[in-house]
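The sequence shown: position 162 = 162 (the working numbering), numbered continuously.
Report on the following structure.
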Amino acid sequence: MFRFLRVIFSGLAAALCVLTSNVVPAQSFPLKTIRMILPFPPGGPTDLLGRSIAQKLADQFGHQVIADNRPGAGGNLGLEVAAKSPPDGYTIVLSSPLIALGPLLYSRLNYDPFRDLAPISLVAVIQNILLVHPSVPAKTLKELIQVARRSPGKLNYGSGGVGTTTHLAPELLKSLAKINMVHVPYKGSGLALIGLIGGDVDLLIMAVPASAAQVQAGKVRALAVLSTQRAAALPDVPTTKEAGVENLEVPIWYGILTAAATPRDIITRLNTELTKALTSADLKERLTGAGIEPMTSTPEQFGNFIRSENVRFAKVIKDAGIKPE
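As structure tokens, then:
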């Protein structure tokens, strides 16, 4: 009898130890420095976003959160480093839409974004805007579509490079509006904007913060914001839906992920702290002042969003004839 009870209590004690071991890490996490990988070069709004979040998390955790710039391979290097890091929550990565588009654009990735990385939360969006050179005879999105239909292939559009949002958004417009335009890729959206101002290209879709000043100066004309809401910096510019085109919402979105085998309670802890950080008044003010809209989600919502973006742009990429590198 006593032996039987000893076995029972030993089993209960072992189970309690297991349960405790699963709970304690989340309660005490973090115990050391967290590394946030930024798969982009230093500088610019994306770097500002990552470093601002890292600093806020450090304040909340009482431990350092170091922003580690790891540019390279179009952003894939940083994602690969995160995917292959120990699954303990101490390495996280700030990703752009590349996490959803990578498998469609690259034939040889050294990681699987759906298998090797675990979503934690969406954290921000930057609105895109459709711009035309002042010489283009269109003051609305509908007029632009009419111009394109009258002269198929005459209009061209610039982009920051093949497979970027600045490339895929115009291709989505082509598909939705049933029009044809010629793609002129540049080495970066900044150079594409210079090309638009100079009249070398007719149209460009790019981030609002990087182009608002040129719109306000009259150097380019804004036709629509590719978002469900108007841009605070350009409140007179309608959304694409208001301008007559449905399903053309294409923001630049960002989210944070970690290695796939990271315990669920650690992911929940990180999600909770990210939500707290992104809804704080000081961080919201800093980000919105730079044209970045903070947002939050559950890990499940972020994961579903990544998959839906992958499906949405798979057709766009196929129709555009973009071949994986």
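No residue lacks a Cβ here, since even glycine has one placed at the ideal position from N, Cα and C.
All values reported here derive from a predicted model rather than from experimental measurement.
At the level of alpha carbons, what is the spacing between residue i and residue j?
| i | j | result |
| --- | --- | --- |
| G75 | G188 | 14 Å |
| R269 | R221 | 45 Å |
| I194 | P42 | 22 Å |
| I252 | I126 | 5 Å |
| S151 | H183 | 15 Å |
| V23 | I266 | Unreliable positioning characterises V23 in this predicted model, as indicated by a pLDDT of 47, which lies under 50. A coordinate reading is not provided. |
| D202 | K154 | 10 Å |
| A277 | I53 | 7 Å |
| P170 | Y157 | 8 Å |
| P324 | Q27 | 43 Å |
| P294 | P86 | 28 Å |
| I179 | A243 | 16 Å |
| P238 | Q214 | 17 Å |
| L77 | G161 | 18 Å |
| D319 | R108 | 21 Å |
| V65 | L94 | 13 Å |
| D88 | T262 | 5 Å |
| A233 | R264 | 39 Å |
| I292 | E143 | 30 Å |
| D59 | S211 | 33 Å |
| K284 | S121 | 16 Å |
| A124 | T296 | 7 Å |
| G218 | S135 | 12 Å |
| H167 | G102 | 14 Å |
| N271 | E300 | 11 Å |
| P235 | G190 | 23 Å |
| F40 | N128 | 19 Å |
| I322 | R312 | 15 Å |
| H63 | T288 | 26 Å |
| S159 | S308 | 23 Å |
| A231 | T275 | 23 Å |
| A73 | P209 | 25 Å |
Less than 6 Å separating the Cβ of residue i from some heavy atom of the ligand SAH?
| i | result |
| --- | --- |
| A100 | What this structure holds is no ligand at all, so the ligand SAH is not there to describe. |
Thinking just about the alpha-carbon of each residue, which of the options is nearest to the one in residue i?
| i | options | result |
| --- | --- | --- |
| K315 | S175, D236, I256 | S175 |
| G163 | E242, S96, P209, P119 | S96 |
| I56 | S280, G291, Y186 | Note that residue 56 corresponds to Lys in the displayed sequence, not to Ile. Among S280, G291, Y186, the Cα nearest to that of K56 belongs to S280. |
| P71 | V65, L79, A217 | L79 |
| A260 | P45, D59, L48, Y90 | Y90 |
| Y186 | I179, T165, N180, K178 | T165 |
| G44 | P235, K84, A207 | A207 |
| I205 | A224, A217, Q229, A73 | A224 |
| T46 | S297, I322, G321, R286 | R286 |
| A192 | L130, N271, I322 | L130 |
| D116 | G303, R230, R312 | G303 |
| L328 | L168, Y106, E246 | Any question about residue 328 goes unanswered here, given that the chain covers just 1 to 325. |
| M181 | G321, A148, A231 | A148 |
Going by DSSP in three states, residue i sits in which element: helix, strand or coil?
| i | result |
| --- | --- |
| N304 | helix |
| A54 | helix |
| K284 | helix |
| R221 | strand |
| V208 | helix |
| R230 | coil |
| P294 | strand |
| D202 | coil |
| V316 | helix |
| R70 | coil |
| A259 | strand |
| T272 | helix |
| I322 | coil |
| T239 | strand |
| L48 | helix |
| V311 | helix |
| A79 | A small correction: the amino acid at residue 79 is Leu; Ala does not occupy that position in the sequence shown. L79: helix per DSSP, three-state reduction. |
| V65 | strand |
Leaving out the 5 sequence neighbours to the left and right, which residues in its chain are closer than 7 Å to residue i when beta-carbon positions are compared?
| i | result |
| --- | --- |
| L248 | L172, L173, L176, L226, T240 |
| R51 | A67 |
| D282 | none |
| Y106 | N76, P324, E325 |
To which residues of the same chain is residue i closer than 6 Å at the C-beta, ignoring the five residues directly before and after it?
| i | result |
| --- | --- |
| N69 | L38, P42 |
| N310 | A100 |
| L104 | A314, I317 |
| L48 | A290 |
| I92 | M36, I256, T258 |
| Y111 | E80, A83 |
| V328 | Outside the shown range of the chain (1 to 325) lies residue 328, about which nothing can therefore be said. |
Tell me which same chain residues have a C-beta within less than 8 Å of the C-beta of residue i, skipping the five on either side of it?
| i | result |
| --- | --- |
| I306 | I99, A100, P113, F114, P119, G255 |
| F61 | P30, I34, E273 |
| H133 | L196, I197, G199, V201, D202, L203, V220, R221 |
| N146 | Before going on, a small fix: residue 146 reads as Gln here, not Asn. Around Q146: A138. |
| T228 | T239, K241, E249 |
What are the complete alpha helix (DSSP H) segments, minimum 4 residues, inside the region 135-194? DSSP runs (the alpha helix (DSSP H)) wholly in the region 135-194: 141-150, 165-177.
Just list the alpha helix (DSSP H) runs in the region 87-134, keeping only unbroken ones of 4 residues or longer that don't cross its boundaries, in chain order. Segments of the alpha helix (DSSP H) lying fully in the region 87-134: 98-105.
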